[in-house]
Each structure stands twice: as structure tokens, then as C-alpha cells.
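Just so you know, we're using the working numbering here: the sequence shown kicks off at 1 and counts up by one.
This report refers to the structure that appears directly beneath it.
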Amino acid sequence: MPKVKTLQGAAKRFKVTGTGKLRRFRASKSHLLTGKPRGRKRGLRKSAPVARGDASRIKRLIPYL
């Protein structure tokens, strides 16, 4: 069976935890930050779990991660 290429765009956006779950980074942190409250910006630094319905599709894009 041939090797499967990893989709590099997905590999940069998602990380796998020690238990095998996927983590994603939050949106809305790149620009227009002056109008957002300090606490909201602080919360955007943290990663979030990927929804179970999306996790199976993302794992197909990142076969060796």
C-alpha cells in the first residue's frame, strides 16, 4: 500500500494530545484586537478540543500525526 501524504495545512493547525484527542487553536486573535476585552483575548490564547464529528475527518488529513 502506498504512503499517504499529510495535508500540511491541517498539520499546522491541529495537535494531538497524549490521549490521542485533537486540539485546535482559537480564531479571532490576529487583528482588530483593540476592541476586544482583555479577558476575551486571554481566553483566545488557550487551545480547545476538536468536536467529535470533525475529529474523524481531520485524522484522515493527518494520518501520521
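Positions of the beta carbon are idealized from the N, C-alpha and C atoms, including for glycine.
Bounding residues of the beta strand (DSSP E) (the contiguous stretch that carries R23)
Looking up residue 23 in the sequence shown gives position 23. 22-25 is the extent of the beta strand (DSSP E) around R23.
Would V16 and L61 be called neighbours here (beta carbons separated by less than 8 Å)?
By 1-based counting over the sequence shown, the position of residue 16 is 16. By 1-based counting over the sequence shown, the position of residue 61 is 61. Going by C-beta atoms, V16 is not nearer than 8 Å to L61.
Determine the extent of the alpha helix (DSSP H) in which S56 is found, giving its start and end residues.
Residue numbering aside, residue 56 sits at position 56 when the sequence shown is read from its first letter. S56 -> alpha helix (DSSP H) spans 52-61.
According to the Cβ coordinates, are S152 and L44 closer than 8 Å?
Past the edges of the chain, shown from 1 to 65, lies residue 152, and the structure says nothing about it.
Kindly indicate which residue of P63, R26, T34 has the alpha-carbon position closest to the one of K46.
As a first step, residue 46 must be located in the sequence shown, where it is residue number 46. With distances taken between Cα atoms, K46 lies closest to R26.
Complete runs of the beta strand (DSSP E) confined to the stretch 9-49 [at least 3 residues]:
14-16, 22-25, 47-49
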